[in-house]
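J.: First, the structure itself, so that you have it in front of you.
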Amino acid sequence: MAVLTIFALLMATDTLPAKKQNLIVKRFANGDAAVLRQYRIPVSNAIEAEWMEVSFQNQSAPDETGKLYLYPIDDAKYSLELYYLRHEDSDCDNAAVYVLRFMPAFFEQYPAETLTANQPFRFDEVTEMQFPICAQACSLLDQLKENSELPPLISSLQQSQVAIQLLKRALECITIPFTVCQVPACRFLVYESEREKIKEACRIIEKDLDQSYTIRELSRKVAINECYLKKGFKALTGKTVHEYRENLRISRAKELLQKGKTVTEVANILGFSSISHFSTAFKRVTGLKPCELLA
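Written out as structure tokens, the structure reads:
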């Protein structure tokens, strides 16, 4: 993962002991993982936050997800933690882990009946729940670690607001039934806006069959994370981006050949680098050589 310039803008003091860092990371990974960097994010006395860059050694980073942990620590006193595992660039071996802790002082400002009414879990029991990370949450996490030139009090108020918005979004996501998403590993697809990005990528491929877009180029066109694009594309279409494009090209090639186009013409129209490349791809999909279809 590239070193972000934002590192220098975050507070790096009072980092967590290595043992506690490892316990946090193990909430997401079964294998070996290493914390490369860890920074505390100043919020308030009632809310703590930190951010870590994590390397998952000898394995790809687990799927992006959020987790909520609630701990009743005394009568009407609660501590709640939010954990986010997020891929922040195309390197799927590394990830960022965000941690937000809402201390008992945070919940003391709300009446007891407000905390216990119509919640997706009980406040008087230890709770662990998982929720998807949506585009809104990603934007809020970015805001959380941005450096601020504001006076300390205004900056603290702003960070507190972001943290509360993240808690609000997590609670809203937990109430959404995950059965809407066909593939558990791609729970971000529960949101229509995220599914629409994958569908738009399909439309771009269908429109420009002669163009060989890279994953990076395609992800930028539809404004989605590269890892999300690959996983979401497979979940919705049952194919990788390459397989999807190749099947469409070969289907179109069959139509053109049946209309009397030559093998050379079809290869050129569909953007194949050579007749040999076209013939190999055609046989891989159809089991036939292009000339056999002509015959």
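Residue numbers (the numbering used here): 16 to 310.
Beta carbons: idealized from backbone N, C-alpha and C, even for Gly.
The model shown is predicted, which means the values in this text are computed figures rather than measured ones.
(1) Using the Cβ count rule (16 or more neighbours within 10 Å means buried), how would you classify residue 165?
(2) Between the beta-carbon of residue 56 and the beta-carbon of residue 160, is there less than 8 Å?
(3) Mapping the DSSP letters down to three states, classify residue 90 as helix, strand or coil.
(4) Please report the Cβ distance between residue 7 and residue 54, rounded to the nearest whole angstrom; I am assuming they are in contact, meaning their Cβ atoms lie under 8 Å.
(5) Just how far apart, CA to CA, sit residue 110 and residue 76?
(6) Ignoring anything shorter than 3 residues or poking outside the segment 98–153, list the beta strand (DSSP E) runs there in chain order.
(7) Mind checking residue 16: buried by the 16 CB within 10 Å criterion, or exposed?
(8) Assign residue 17 to one of three DSSP states: helix, strand, or coil.
(9) Cα separation between residue 272 and residue 224?
(10) Taking the alpha-carbon positions, what's the residue 254 to residue 227 distance?
(11) Evaluate contact between the segment 135–144 and the segment 110–120, counting only Cβ atoms and requiring at least three cross-stretch pairs below 8 Å.
(12) Considering only DSSP beta bridges, list what residue 53 is partnered with.
T.: If we stick to the structure as given:
(1) exposed
(2) yes
(3) coil
(4) Because the chain spans 16 through 310 in this model, residue 7 falls outside it and cannot be assessed.
(5) 7 Å
(6) 109–117 and 142–146
(7) Unreliable positioning characterises residue 16 in this predicted model, as indicated by a pLDDT of 34, which lies under 50. The coordinate reading is nonetheless provided below. Buried is the call here.
(8) Model confidence at residue 17 stands at a pLDDT of 33, short of 50, so the residue's coordinates are unreliable and nothing is read from them.
(9) 16 Å
(10) 16 Å
(11) no
(12) 67
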